[in-house]
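Peer 1: Okay, so the sequence shown: first residue is 0 according to numbering that gives the first Met the number 0, each after it adds one.
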Amino acid sequence: MHIGVIGATGTIGSRVVTEALDRGHHVTAFSRDATQIKEDRKNITWKSIDVLDADAVTAAIPELDVLISGFQPGNAAKDMADTVARSIADPTAYATAARALLKALEGHPRTRLIVIGGAGSLEIEPGITRADSDDLLHEALDAIGLPREYAAAVRGHRDALNVLRTSNRLWTYFSPAEDIAPGERTGRFRVGTDRPVLDADGHSRISAEDAAIALVDEAELPRFIQRRFTVGY
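1. Nearest to Q35 by alpha carbon, out of N42, A94, K46?
2. Buried or exposed, going by whether 16 or more other CB atoms sit within 10 Å of the CB of Q71?
3. Using DSSP's beta-bridge definition, name the partner residues of K46.
4. I36 by DSSP, collapsed to three states: which one?
5. Tell me which residues share the same chain as A103 and place their Cβ nearer than 7 Å to its Cβ, disregarding the 5 neighbours each side in the sequence.
6. Thinking just about the alpha-carbon of each residue, which of G231, R184, Y232 is nearest to the one in T17?
7. Report yes if the CB atom of G9 is closer than 8 Å to the CB atom of Y93, and no otherwise.
8. Based on Cα-Cα distance, which residue from D193, A19, I48 lies nearest to F29?
9. Find the nearest neighbour of T95 within the set R157, D141, E177, A84, judged by alpha-carbon distance.
10. Which residue wins for smallest C-alpha separation from A33, given the options V15, I5, P125, H24?
11. Can you tell me the Cα-Cα spacing of P108 and D81, whole angstroms?
Right under this line is the structure:
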């Protein structure tokens, strides 16, 4: 397959690139500025892209089977504080990116889109999400050490999901576990849909490496077209 990865230098995106290459796929890796990237792996091409520009995305994707977008303002892998600040300053960026991606796919209806989003829109109880409650959202942000102002960005991710839900394109939305960080590639995790997958201690967690496995699995064998899925231990 030919898989495109937006945000290919990010925590999740970089691991998706590695996972896809290790499985023998060709990868087009997108970054805001790919001119400084040095690459010696086979079957990978780096390109610069502005994900908020639908015309730029349209021009970049004609050969892709699947486009996986890990768009974040800034580069969280290198400067998380900057990404947090940018996300708070403009939480509409996620929905804007979703609209641009869907617009780009109008000319490429067979290309599938997988958007890596947030966990705040998962239902912690039937019909109840953290994104809908200041108290629940602040509790979760306090637990992971993010400022409460980041609630706007969490809701921005939810808004992007709602944008996708109005589309008839071949989209999939991936909500990672609430606790996701670099770790071990185990290949042992469980898959869910609209509710968090909790471990034996009641925690929602996954390594970025295992999240990458789940994303490439979905690219290879789609199970969640026009749906959201999540993973956890």
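We put the beta carbon where it would ideally sit given N, CA and C, even for glycine. The structure displayed is predicted, hence computed values, not measured ones.
Peer 2: Based on what the coordinates show:
1. The candidate whose alpha carbon is nearest that of Q35 is K46.
2. Counting Cβ neighbours within 10 Å, Q71 comes out buried, since at least 16 surround it.
3. According to DSSP, K46 bridges with F29.
4. Look at I36 here: in three-state DSSP terms it is coil, with no helix or strand label.
5. Within the same chain, A103 has close Cβ partners A53, V56, T57, I60.
6. Closest by alpha carbon: R184.
7. The Cβ-Cβ distance between G9 and Y93 does not fall below 8 Å.
8. Proximity to F29 across D193, A19, I48 peaks at I48, based on C-alpha coordinates.
9. Ranking the options by Cα distance to T95, first place goes to R157.
10. Answer by Cα proximity: I5.
11. Roughly 35 Å between the two C-alpha positions.
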